[in-house]
DNA sequence: TTTTGAGTTGTTCGA
DNA sequence: GTCGAACAACTCAAA
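Residue numbers (the numbering used here): 5 to 482.
And the structure:
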């Protein structure tokens, strides 16, 4: 008798409830990962996520070997592969940690029902949230749509459970079932655009712990003021690790508390509380995705269905390639392309630009982010884009339109960030770095810039675009 | 049922 | 240069 542990977005040994329960039961444990993009539907992992997944699976495989176990890889339909494994290994139990994406929820439910009918002990656990979506509700027993009351309710519900430590030993079966090679998943694309990812990231459980330690020991102290400055490392950079479950929010929450109790300085505690609040934004995103599953493809506010977005392929391409002529926007899009990640402040700026300046459907932006971000996460991506578009829960008011120049001046005053990602404008003086189109001819010449040649002219006039967007949004109201 | 207070991240204009 | 108001109601959640 043995137990299959079906790993998905919980690629870690520490604080892994499904794995822990399987080990506790005392039977041999067979960890398995199934590559099954088909059944994940439209929002299956994109290219950048695949790069990460490849590294993460390699790491997980090694960690399992170090505790006397092994990661069995399979590809194909999840249900069929699980059934095959059950037959091959005579397993009588299948454990996994839950996921919350609409199509995955439906698939998993179907599998669980079928396994139970077949007499298999199928159990799922909470491995990736502090508060599961159905445990938090308003006094009127409805889901929350506003963050602050949601967060208050979460806090009032009590502290998250303590994380479980990683197993030191996992009981192996007498014979292992067949596993395919990781390269059969064909996760790494033929175009080698991901070189920059390798320098930037250390996927895997130990990489996640190191990132957390670095953040709590160093960067968190300037979190509240620094997290908006894209040129410095003041954010945790844990998003891809969290997405793939290389670290759990429980581990993060408790690590913060532990450090808080030790540090005891008012400043540290305040800064770290700001960070924990962001962790709950992730929870809120999952809450919304679970209760409003249609929001991955449809605006939560129905009147936005009839918004007249422009079909402007050329502008969309310019945005994707970081060639809009607005340095802060272009820098962000290029950071994304080269590192698979973009600073949060800049995500808002580029999103606002696509939606409000170019009047392009937020879903186009969501799709691009989905394919190019290593931390692409359906809950966070959906909430973020709908928030900027103003069509989601607790969204930004429609008149809140980011001015790319003002935002650049405010959060990248010295131009360190734009210079890093747009080397061709590196010699433009600070005064003009965020608006080269207004710089005097001789300044541009000295800096080696020829607008329209080696750096684009602005794709649109922001002041004009802003007025237009306000008109369109006002029309929606009427 | 009605009332009340509040709501992540902004910009512009005019005094 | 700085500061407060306007932008525009609307929806949510709790009392």
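Cβ coordinates follow ideal geometry from the N, Cα and C atoms, glycine included.
### Task
Run through the segment 291-336 for me and flag every whole alpha helix (DSSP H) of 4 or more residues, listed as ranges in chain order.
Qualifying alpha helix (DSSP H) stretches, in chain order: 317-325.
### Message
Is the beta carbon of residue 427 closer than 8 angstroms to that of residue 466?
### Response
It is not a contact, given that the beta carbons lie outside the stated cut-off.
### Query
When the Cα atoms are used, what is the spatial distance from residue 468 to residue 358?
Near 15 angstroms, if we compare the C-alpha coordinates of residue 358 and residue 468.
### Message
Please classify residue 384 as buried or exposed, where buried requires at least 16 other C-beta atoms within 10 Å of its C-beta.
### Response
Answer is buried; the Cβ neighbour count reaches 16.
### Query
Distance, Cα to Cα, residue 434 vs residue 226?
The alpha-carbon separation between residue 434 and residue 226 amounts to approximately 24 angstroms.
### Nearest to residue 66 (by Cα), restricted to the options 209, 350, 204, 8
Nearest of 209, 350, 204, 8 to residue 66, Cα basis: 209.
### Task
Report the option in 69, 377, 85, 94 whose CA atom is closest to the CA atom of residue 201.
For residue 201, the closest of 69, 377, 85, 94 by C-alpha to C-alpha distance is 377.
### Message
Please list the terminal residues of the continuous alpha helix (DSSP H) segment that includes residue 108.
### Response
Per DSSP, residue 108 is one residue of the alpha helix (DSSP H) stretching across 106-121.
### Message
When you compare the CB positions of residue 171 and residue 19, do they come within less than 8 angstroms of one another, or not?
### Response
Contact flag unset, no.
### Query
Is it the case that the Cβ atoms of residue 444 and residue 429 are separated by a distance below 8 angstroms?
Not a contact, by the Cβ cut-off of 8 angstroms.
### Query
Within this structure, are the beta carbons of residue 98 and residue 75 separated by less than 8 angstroms?
Residue 75 is positioned such that its CB atom lies no closer than 8 angstroms to that of residue 98.
### Task
Check whether the segment 176-194 touches the segment 292-311, counting contact only when three or more Cβ pairs, one atom from each stretch, lie closer than 8 angstroms.
No contact exists between the segment 176-194 and the segment 292-311.
### Query
Could you give the C-beta distance for residue 487 and residue 476, rounded to a whole number, given that I count them as a contact under 8 angstroms?
Since the first residue shown for the chain is 5 and the last is 482, residue 487 is missing from the structure and cannot be characterised.
### Limits of the unbroken beta strand (DSSP E) element including residue 99
Per DSSP, residue 99 belongs to the beta strand (DSSP E) from 97-101.
### Message
For residue 151 and residue 288, which I take to be in contact (beta-carbon distance under 8 angstroms), what is that distance rounded to the nearest angstrom?
### Response
Yes, they are in contact, since the Cβ atoms of residue 151 and residue 288 sit about 5 angstroms apart, within 8 angstroms.
#### Entry: Option nearest residue 39 by Cα separation, candidates 11, 354, 338
Ranked by Cα distance from residue 39, the first of 11, 354, 338 is 11.
### Message
For residue 10, list the residues DSSP reports as bridge partners.
### Response
In the DSSP assignment, residue 10 forms a beta bridge with 36, 100.
### Query
Excluding five sequence neighbours on each side, which residues of the same chain lie with their C-beta closer than 6 angstroms to the C-beta of residue 82?
If the five residues before and after residue 82 are omitted, its C-beta is found closer than 6 angstroms to the C-beta atoms of 38, 40, 43, all from its own chain and listed in chain order.
### Reduced DSSP category for residue 364 - H, G, I as helix; E, B as strand; rest coil
Shown here, residue 364 sits in coil according to DSSP, grouped into three states, outside any helix or strand.
#### Entry: residue 59 versus residue 207: straight-line alpha-carbon distance, rounded
When rounded, the distance between both Cα atoms is 6 angstroms.
### Query
Where does residue 105 land, buried or exposed, given buried means 16+ other C-beta within 10 angstroms?
The residue in question, residue 105, is buried, as its Cβ has 16 or more Cβ neighbours within 10 Å.
### Message
Tell me the DSSP secondary structure of residue 84 in three-state form.
### Response
In the structure shown, residue 84 adopts helical secondary structure according to DSSP, grouped into three states.
### Message
Closest to residue 212 by C-alpha separation, out of 196, 328, 251, would be which residue?
### Response
For residue 212, the closest of 196, 328, 251 by C-alpha to C-alpha distance is 251.
#### Entry: Among 53, 410, 414, nearest to residue 229 - alpha-carbon criterion
Relative to residue 229, the option among 53, 410, 414 whose CA is nearest is 414.
### Message
Is residue 17 close to the ligand ZN? I mean its beta-carbon at under 7 angstroms from any heavy atom of the ligand.
### Response
Although the ligand ZN was asked about, the structure shown includes no ligands whatsoever.
#### Entry: Beta-carbon proximity list for residue 470, same chain, < 6 angstroms, skipping 5 on both sides
The residues 405, in chain order, have a CB closer than 6 angstroms to that of residue 470 in the same chain once the five nearest residues on each side in sequence are set aside.
### Message
Among the candidates 178, 162, 318, 346, whose CA atom is the shortest distance from the CA of residue 257?
### Response
Check the Cα spacing between residue 257 and each of 178, 162, 318, 346: the tightest is with 162.
### Query
Which residues in the same chain as residue 452 place their Cβ atom closer than 7 angstroms to its Cβ, once the five residues preceding and following it in sequence are excluded?
Cβ neighbours of residue 452 beyond the five flanking positions: 431.
#### Entry: DSSP-derived helix/strand/coil call for residue 459
Correct three-state label for residue 459: strand.
### Task
Kindly list the residues whose CB is nearer than 6 angstroms to the CB of residue 322, restricted to its own chain and excluding five residues on each side of it in sequence; keep chain order.
Hits under 6 angstroms: 328, 463.
#### Entry: Inter-residue Cα distance where the pair is residue 155 and residue 93
The alpha-carbon separation between residue 155 and residue 93 amounts to approximately 44 angstroms.
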